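Using my numbering, you'd call the opening residue of the sequence shown number 2 and step up by one each time. In this text, a Cβ means the ideal position worked out from N, Cα and C, and glycines have one as well. All of these numbers come straight from a predicted model, not from anything done at the bench. Here's the structure, in structure tokens; my notes come after.
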Amino acid sequence: MKLIEIPDCTVLPNARYSEMIEIMRKFNLLPNDAIIAATCKAWGITRIATFDADLEGIGFLNSVDL
């Protein structure tokens, strides 16, 4: 049973814990922000729409302001 079913949408598994810790330290992020950034990096996602200013300034991730 899926919790969320949205057509043409895939829920990605989280990145590895070690990648999250590395990004957390490098960019001074909280764990929740670091897991988002690490998951984007692991899946090759380079743009993210967010209200969270903490995700700005991450070299491999371009944030789109909402």
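(request) Could you give the DSSP three-state label for R17: helix, strand or coil? (result) coil
(message) Do I59 and I24 count as a contact pair if the criterion is CB distance below 9 Å?
(response) yes
(request) Note down, in chain order, each residue of its chain lying with its Cβ closer than 8 Å to the Cβ of N63, except the 5 sequence neighbours on either side. (result) T47, R48, I49
(message) If the criterion is Cβ atoms closer than 9 Å, does the pair D34 and D53 meet it?
(response) yes
(request) From the DSSP output, in three-state form, read off T51 for me. (result) strand
(message) Once DSSP output is grouped into helix, strand and coil, what is the label at N33?
(response) helix
(request) Measure the Cβ-Cβ separation of N15 and A39 and say whether it is below 9 Å. (result) yes
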